[in-house]
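Note that the sequence shown covers residues 1 to 453 in full-length UniProt numbering.
Scroll down for the structure; my scribbles are underneath it.
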Amino acid sequence: MEIQNILLEQKEFFKTQQTKSLAFRKMYLEKLRSLIISNENMLYEAIYKDFGKSKFDTFTTEISFILNDIEYYLKHLKSLAKPQKVSTNLVNQLGKSKIYSEPLGNILVIGAWNYPYQLSLSPVIAAIAAGNCCILKPSEVAENTMKAMSRIINENFPSAYVYVYEGGIDETTALLKLKFDKIFFTGSTKVGKIIYKAAAEHLTPVVLELGGKSPVIVTKNANLEIAAKRIVWGKFLNAGQTCVAPDYLLIEETIQEQFLEMLRKYIKEFQYSPDSEQYTKIINPRNFQRLVHLIDKEKIYFGGSSDEEKRYIEPTILHNSDWNDPIMQEEIFGPILPVISFKNYNMALNAVLEQEKPLAAYLFTNNTEEKDNFTQRLSFGGGCINDVVMHLSNDNLPFGGVGNSGIGNYHGKFGFEAFSHQKAVLEKATWGEPNIKYPPYSEKKLSWIKKFL
Ligand code: NAD
């Protein structure tokens, strides 16, 4: 069936009001949970075919996230959907005020390839929880995972409710001509702008989950062992193809040598070899070539080797990097960590402030003043002090960017809100009506009103 007809069907289905019932939403969340569990192996195989992502990483960074999201909404749906009573101001007495979270209607989710299950299904789960119909367009770049999701959903969900539309740029361009009630996009800033423009034609609100260059700063006041271990894990997870991975490292000059040694030690300890089933491969030859060209051979401190056939790039550290280096001009999105040293912490913060606002920022220190300066002076989507990446696993925290790294956020109650309209309703009593606001006006009425307001 043509995609515009699927959307028409979904619009008709939404009008039946069925998706608003909490029992209906729960039934499909539970259904999705059991489908994911019963198809777990198929999901692992598909992602392994796409870019050699291990079962361990797929479970910890994708499947467990999705199952956790479903649990969260099953547990909290009643309280999230409940009309919220708020106080009523003096001029509206005798009245009651409530905020109703109503589903927006017909949602389009456009996914990215790097965490294909999590980034496609988490927003779909939030959209279902909030009572919407949804079309998901996963990234065609991870073709096998796209097909796996399409099989699971399209064979088990009514297409008039949730539907996976397979396709690339042409299909997405066609989708963007249609009128949705919200578009949730995850991907690059460049394509984010295309989505935003197309959405504006229909005055469709958007969530844009974009990327950017996320810094990690390490000062001499950090626990260096912990910092090195956590940075190596977070940078080389998914072979660096993580939107919130530390993109580059800013290190205090006096500890640079010692710290680089520690990074080397952990890279070796974690055994990221070309034949390791644990270490993810680069998604496609185009990205492989782009990344290989970003490795400045003169600046290699560790690593630098690659194998085109296996789409393997060794975890690589570049030292003596410079803000003008080509690698500092674009989001790396791969297993290369340029290192820039700083003499003075304030200068490091100033340098970050000169860049576009990143999706994430990380600081390793045990110094309170440095922590305060980091949280108060820098603007970034979200981040951690003394860790990397992990902030997005706490569903009490909103996840999203700011400025060039995105618009809006989701996860937990923020995901529910992203797909809901907060409808304000004031209910008035039909007795006790003072005449003060009605014409004919008088000076006396005005002086009373001035006292009230
Ligand atoms: P991308 O922007 O190339 O593609 C994302 C989606 O847009 C895909 O579904 C693709 O089919 C579609 N698309 C691509 N070109 C299009 C066009 N011209 N017109 C319409 N649709 C188009 O991004 P990607 O390569 O899949 O992902 C990498 C980027 O995404 C990185 O910048 C990364 O930081 C960012 N990202 C952000 C998050 C986040 O949560 N904020 C998560 C993952 C990735």
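Note that the Cβ used here is the ideal one computed from N, Cα and C, for glycine as well.
A quick note: this is a predicted structure, and the numbers were derived from the prediction, not measured.
Item	Value
Proximity test, ALA46 beta-carbon vs the ligand NAD heavy atom, cut-off 8 Å	no
Beta-carbon contacts of ILE282 that lie in its chain and below 8 Å, excluding the five residues immediately before and after	PHE51, ALA239, GLN241, PHE288, LEU291, ARG311, TYR312, ILE313 and GLY334
C-beta contact flag for ASN156 and LEU29 at 9 Å	no
Three-state class that DSSP yields for GLY111 in the structure shown	coil
Beta carbon of PHE184 nearer than 9 Å to that of PHE419	yes
Contact set for PRO338: own chain, Cβ-Cβ below 6 Å, skip 5 residues either direction	TYR248, LEU318, SER321 and ILE327
Secondary structure of SER120, DSSP reduced to three states	helix
Exposure of GLY131, with buried meaning 16 or more beta-carbon neighbours within 10 Å	buried
Contacting residues, own chain, Cβ-Cβ under 7 Å from ALA148 (five flanking each side not counted)	MET42, LEU43 and ALA46
9 Å Cβ cutoff met for VAL191 and VAL162	no
Length of the line joining the Cα atoms of ASP387 and ASN350	21 Å
THR204 CB to nearest heavy atom of the ligand NAD below 8 Å	no
PRO103 beta carbon near the ligand NAD (any heavy atom closer than 8 Å)	no
Collapsed DSSP secondary structure at ALA81 in the structure displayed	helix
Spatial neighbours of GLN10 in its chain, beta-carbon cut-off 6 Å, leaving aside the 5 residues before and after	ASN106, CYS133 and ALA160
Short Cβ contact (9 Å threshold) for ALA81 with LEU22	yes
Any chain B beta carbon closer than 9 Å to LYS15	No chain B is present in this structure, which holds just one protein chain.
Beta strand (DSSP E) runs wholly inside the stretch 266 to 346, at least 3 long, in chain order	300 to 302, 316 to 318 and 336 to 342
Neighbourhood of GLN118 by C-beta distance below 7 Å, restricted to the same chain and skipping five residues each side	THR61, GLU62, PHE65 and ILE66
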